[in-house]
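Everything below concerns the one structure shown next.
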Amino acid sequence: MSSADSMRLLILPGDGIGAEVMAEVRKVVDWFAGNRGLEFEVSEDLVGGAAYDVHGVPLSDETMAKAQAVDAVLLGAVGGPKYDDLDFSLKPERGLLRLRKEMDLYANLRPAQCFDALADYSSLKREVVAGLDIMIVRELTSGMYFGEPRGITELNDGTRVGINTHRYTTEEIRRVARSAFELARKRQNRVCSMEKANVMEAGILWREEVEHVHAEEYPDVELSHMYADNGAMQLVRAPKQFDVIVTDNLFGDILSDCAAMLTGSLGMLPSASLGAPMANGRPKALYEPVHGSAPDIAGQGKANPIACILSFAMALRYSFDLGEEADMVEGAVEDVLAKGVRTADLGQAEGGTTVSTSGMGDAILDALSSRA
Ligand code: NAD
Ligand code: IPM
Ligand code: MN
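Per the numbering used here, the very first residue in the sequence shown carries number 1032; after that it's consecutive.
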């Protein structure tokens, strides 16, 4: 069991650009050790295809046990075409899903902030995204991703049927709703809950339970509801109308990729997956960028490491209560972007420079040092 002041990190770089962006996070971790005396105990292990190649499974029991024992897990990305034909239970993505399920990381926080320097680079107009700061809270341990029955079966006439079950219990909805209301109180105090209560019973239950938690525990927070399809449209029409969005596992997956483009690139979006408090009071936690292993650019030094570095900033804030240090990392990213330093996914700034993955990491370290 961890002591109250231990800072144990398990780093799981994973596949494709996961390893490339995580190398830059390591530099930031080391910077804080060297310059701010933060003594992280760092261990590293395999997940996804990288674990499959060595152990024949996308997450070994030993790695799972390590993840349960540390204060925070940092994950890069999993997956890749090399593993497309594997049995479903062995696919890289199953390693990540096992971590989320067994650590019971039910609240996935996916903030989408548009840095001013990138407002012109979003696929939407500057005025639609400039100053954007929204938080999507995605339920992460239930719903369509985990519901039973599931599988592919064959009917007597040979017709094949693919089955997944969208299922939510009262408590699963209530606990993620509480996470959203708590976050809203520290922001603009507004929650918009998204489901499809017009066509799904689980959506009706979702709306009723969110309303119940609101009435009983958070009447001071402004609550609204939206059908998730309208929500997707509103996210690109007028995203600044939102503060906190709370939604289920599948809708949250889709809506957060959509929100990523508001910020300029999928390479910008971090996330925190949080569970119940451990004995030391810290939440079970895993931090990862929203993007995947990007096989199309893997191994070319083109990946943007900012989403992964900002995920570490979220670890500083949510696991270690180091809000000031988290602000420093976010500020350093802002400084670098303001200077026109860009990885290829962020286009070319006028008079700016295009850098590699490690060039971006180095620029962020320089900016950290200037701020220290
Ligand atoms: P992806 O996020 O890997 O890539 C989508 C597009 O965005 C690609 O063109 C890619 O080059 C670009 N992109 C993503 N991250 C970037 C970054 N940091 N810098 C610059 N460009 C970036 O999604 P995909 O192509 O649908 O999936 C590829 C693999 O990753 C699949 O196996 C998928 O299952 C997996 N995946 C894993 C995670 C995760 O580990 N959390 C998330 C999403 C997808
Ligand atoms: C994400 C990813 C994952 C998901 C995959 C890789 C399992 O797309 O984290 O958004 O679907 O949840
Ligand atoms: Mn996704």
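Virtual Cβ for every residue (Gly too), placed ideally from N, Cα, C. Being a predicted model, the structure only gives us computed values, none of them experimental.
Run of the alpha helix (DSSP H) containing residue i, from where it starts to where it stops
i     : result
V1386 : From DSSP, V1386 is part of no alpha helix (DSSP H); its letter is neither H nor E.
G1354 : G1354 to A1369
I1204 : T1201 to R1216
A1082 : G1080 to H1086
Helix, strand or coil at residue i [DSSP, three-state]
i     : result
M1032 : Its pLDDT being 43, under 50, M1032 is placed unreliably in this model, and the value from its coordinates should be taken loosely. Reduced to three states, the DSSP call for M1032 is coil.
H1256 : strand
I1337 : helix
T1094 : helix
E1070 : coil
L1120 : Just to set this straight, residue 1120 is Ser in the shown sequence, not Leu. The answer is helix: DSSP assigns S1120 an H, G or I state.
G1262 : helix
G1283 : helix
A1403 : coil
M1166 : strand
S1342 : helix
G1193 : strand
P1089 : coil
A1307 : strand
Span of the beta strand (DSSP E), counted from its first residue to its last, around residue i
i     : result
Q1144 : A1138 to Q1144
L1317 : P1314 to P1320
S1224 : R1221 to E1226
G1107 : A1103 to A1108
L1377 : Per DSSP, L1377 belongs to no beta strand (DSSP E) and is neither H nor E.
L1236 : First-last for L1236: E1232 to E1248, but that is the alpha helix (DSSP H), not the beta strand (DSSP E).
A1161 : Here A1161 belongs to no beta strand (DSSP E), and DSSP marks it neither H nor E.
I1183 : G1178 to E1185
L1040 : R1039 to G1045
T1278 : V1275 to T1278
Buried/exposed call for residue i, threshold 16 Cβ in 10 Å
i     : result
Q1144 : buried
N1471 : Past the boundaries of the shown model lies residue 1471; the chain is included only from 1032 to 1403, so the question cannot be answered.
K1227 : buried
E1075 : exposed
I1194 : exposed
M1032 : Its pLDDT being 43, under 50, M1032 is placed unreliably in this model, and the value from its coordinates should be taken loosely. Burial call: exposed.
S1154 : exposed
P1180 : exposed
R1141 : buried
K1315 : buried
D1046 : buried
R1402 : exposed
T1196 : exposed
G1182 : exposed
S1400 : exposed
N1066 : exposed
N1187 : exposed
P1308 : exposed
Anticipated Cβ contact below 8 Å, residue i with residue j, distance rounded
i     : j     : result
P1336 : G1392 : 5 Å
S1304 : L1090 : Not really, about 15 Å apart at Cβ, beyond 8 Å.
L1121 : V1109 : Not a contact, Cβ separation roughly 12 Å.
G1390 : A1380 : Not a contact, Cβ separation roughly 14 Å.
R1238 : Y1137 : At roughly 18 Å, the Cβ-Cβ gap does not stay under 8 Å, so R1238 and Y1137 are not in contact.
R1306 : M1134 : Looking at the sequence shown, residue 1306 is not Arg but Gly. G1306 to M1134, Cβ: 6 Å. Contact.
Closer than 6 Å: residue i CB and nearest ligand 5 heavy atom
i     : result
I1328 : With respect to ligand 5, the structure shown offers nothing to examine, as its ligands consist of ligand 1, ligand 2 and ligand 3.
CB contact below 7 Å: residue i versus chain B
i     : result
Q1099 : Absence of chain B from the displayed structure is noted, only one protein chain being present.
Any heavy atom of ligand 2 nearer than 5 Å to the CB - residues listed
E1124 and D1284
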